[in-house]
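K.L.:
Structure incoming, see below.
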Amino acid sequence: MPIPEPIQHLVDCRPCAVSTASPARSTPIRESLTLELSFSRVTHQPQQALPHVLFSPMHYEPGYAYPLIVWLHGSGCDERQVMRVMPMISMRNYVAVAPRGLENDAPVPLAHEPGRETASRLRYAWPQHSAAIEQAERRVFECIDIAMQRCNIARDRVFLAGFDEGGTMALRLAMLYPQSFGGVVSLCGSFPQGNLPLRQWNAVRSLPTLLAVGERSETFTLREASRTLALYHTAGMPISIRQYPCGQEIAPPMLEDLNRWIMERVCC
42 MPIPEPIQHL VDCRPCAVST ASPARSTPIR ESLTLELSFS RVTHQPQQAL
92 PHVLFSPMHY EPGYAYPLIV WLHGSGCDER QVMRVMPMIS MRNYVAVAPR
142 GLENDAPVPL AHEPGRETAS RLRYAWPQHS AAIEQAERRV FECIDIAMQR
192 CNIARDRVFL AGFDEGGTMA LRLAMLYPQS FGGVVSLCGS FPQGNLPLRQ
242 WNAVRSLPTL LAVGERSETF TLREASRTLA LYHTAGMPIS IRQYPCGQEI
292 APPMLEDLNR WIMERVCC
């Protein structure tokens, strides 16, 4: 499958909706992130044919086959979001790789200034039309290949995860290729609509799935989460849905639960 055309743009993503409230953390997240990343290896390749970030854990052991997290960022962010979420997931347990989403110059809400009008500028997202799905599929599997070329990865322990639109695309691709993933995690991302997401229904019935929903979210609501749960139960597919006291955001407890959920499957 050919590599997509080079992307020449690199922009700072807007402040992503990552909650920093954590009573157990005494060091500010930004300072802690800088310290922790200095002990890991982060490779950012923005000008490659496939812009991506590759994250390797602290004290990387080349003789150990690591689980791999493929992270799909939220709308309006880019591949660098993985550099902010991995310290809150685990600095030791995983290799992670994150492709950049597709270019989209639609208006983006200014999350750091509530109530202001949207600003029109370049952003990256994961649209759900057929051509975008094909490009997302290509980017995900090429990133998996990159990670496997550079790190020792357990091929049966590849987990697809994402936030918001990235979570929706993670669900779609994992359901299209269930044999390729050990599980899928969607944080505040709705169930994909259109283009037959359940065409691999029989195989999907063995795909572990974790959904996280913020109880105050107006994007992926509790009602929608309830409908998704009913759909999975009707189809006989395994799913765990967890609710958090937040909005449409990445809350630290979500990432802590993501780590535990994946490790339960790695260690079983």
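Add 41 to the 1-based position in the sequence shown for my numbering, that's all there is to it. Note that CB positions come from ideal geometry on N, CA and C, so glycine has one too.
Quick one: using the 10 Å Cβ neighbour count with 16 as the cut-off for buried, is Glu206 buried or exposed?
P.N.:
That one is buried.
K.L.:
Using a Cβ-Cβ cutoff of less than 6 Å, which residues in the same chain neighbour Trp302 once the five nearest sequence positions on both sides are dropped?
P.N.:
Same-chain partners within the cutoff: Leu251.
K.L.:
For the alpha helix (DSSP H) that Phe182 lies in, which residues bound it at each end?
P.N.:
Note, Phe182: alpha helix (DSSP H), Ser171 to Arg191.
K.L.:
Do Tyr165 and Asp197 have their beta-carbon atoms positioned less than 7 Å apart in this structure?
P.N.:
Against a cut-off of 7 Å, the Cβ pair of Tyr165 and Asp197 comes out as no contact.
K.L.:
Can you give me the Cβ contacts of Met42 inside the same chain, cut-off strictly under 7 Å, excluding the 5 residues immediately before and after it?
P.N.:
A caution first: Met42 carries a pLDDT of 38, below 50, which makes its placement in the model too unreliable to give a value.
K.L.:
Using 7 Å as the threshold, is the C-beta distance between Ala90 and Trp112 below it?
P.N.:
It is not a contact, given that the beta carbons lie outside the stated cut-off.
K.L.:
Tell me whether Glu297 sits in a helix, a strand or coil according to DSSP, three-state version.
P.N.:
Of the three classes helix, strand and coil, the one that applies to Glu297 here is helix, per DSSP.
K.L.:
Helix, strand or coil for Ala137? Go by DSSP, reduced to three states.
P.N.:
Residue state, collapsed to three classes: strand.
K.L.:
Which residue spans inside the stretch 241-273 form an unbroken alpha helix (DSSP H) run of at least 4?
P.N.:
Within the stretch 241-273, the complete alpha helix (DSSP H) runs of at least 4 residues are 242-245.
K.L.:
Tell me the residue span of the beta strand (DSSP E) that contains Gly208.
P.N.:
Gly208 -> not in any beta strand (DSSP E); alpha helix (DSSP H) instead, spanning Glu206 to Leu217.
K.L.:
If distances are taken between C-alpha atoms only, which option among Thr262, Gly230 and Arg191 comes closest to Tyr107?
P.N.:
The residue with the shortest Cα to Cα distance from Tyr107 is Arg191.
K.L.:
Could you tell me the boundaries of the beta strand (DSSP E) in which Arg283 lies?
P.N.:
Its beta strand (DSSP E) spans residues Ser281 to Tyr285.
K.L.:
Let's test the definition: count the other Cβ atoms within 10 Å of the Cβ of Ala215 and tell me whether it reaches 16, buried, or not, exposed.
P.N.:
Buried, because 16 or more other Cβ atoms sit within 10 Å of the Cβ of Ala215.
K.L.:
Drop a sphere of 10 angstroms on the beta-carbon of Pro233, count the other beta-carbons inside from all chains shown, and report buried for 16 or more, exposed for fewer.
P.N.:
Result: buried.
K.L.:
What are the boundary residues of the beta strand (DSSP E) that Arg164 is part of?
P.N.:
Start and end: Arg164 to Ala166.
K.L.:
Identify every residue that forms a DSSP beta bridge with Ile194.
P.N.:
According to DSSP, Ile194 bridges with Tyr107.
K.L.:
Give me whichever residues DSSP pairs with Ala202 in a beta bridge.
P.N.:
In the DSSP output, where bridge partners are listed per residue, Ala202 has Trp112 and Val226.
K.L.:
Go ahead and pull the three-state DSSP assignment for Ser231.
P.N.:
Here Ser231 sits in coil by DSSP.
K.L.:
For Cys308, does the three-state DSSP call read helix, strand or coil?
P.N.:
Three-state result, Cys308: helix.
K.L.:
Which value, in whole angstroms, describes the spacing of the CA atoms of His93 and Ala202?
P.N.:
Approximately 15 Å, taken between the alpha carbons.
K.L.:
Suppose you measure from the CA of Leu228 to the CA of Trp242; what does that come to, to the nearest Å?
P.N.:
Distance between the alpha carbons of Leu228 and Trp242: 22 Å.
K.L.:
Does the stretch 122-131 come into contact with the stretch 287-307, if we say contact requires no fewer than three beta-carbon pairs (one atom in each stretch) closer than 8 Å?
P.N.:
Touching, yes, given that three or more Cβ pairs across the two stretches are closer than 8 Å.
K.L.:
Can you check whether the CB of Gln122 is closer than 7 Å to the CB of Leu143?
P.N.:
Their beta carbons are not under 7 Å apart, which means Leu143 does not touch Gln122 by this criterion.
K.L.:
If we ignore side chains and look at the alpha-carbon of each, how far apart do Ala238 and Tyr105 end up?
P.N.:
Residue 238 is actually Pro in this sequence, not Ala. Each residue's alpha carbon lies about 34 Å from the other.
K.L.:
Quick check: what's the CA-CA separation for Ile110 versus Met99?
P.N.:
Taking the straight line joining both Cα atoms gives about 15 Å.
K.L.:
Tell me, to the nearest whole angstrom, how far the beta carbon of Pro219 is from that of Ala244; I am working on the premise that it is less than 8 Å.
P.N.:
Their Cβ separation, rounded to whole angstroms, is 4 Å, which keeps Pro219 and Ala244 in contact under 8 Å.
K.L.:
Name the DSSP bridge partner or partners of Asn145?
P.N.:
Asn145 pairs with Arg164.
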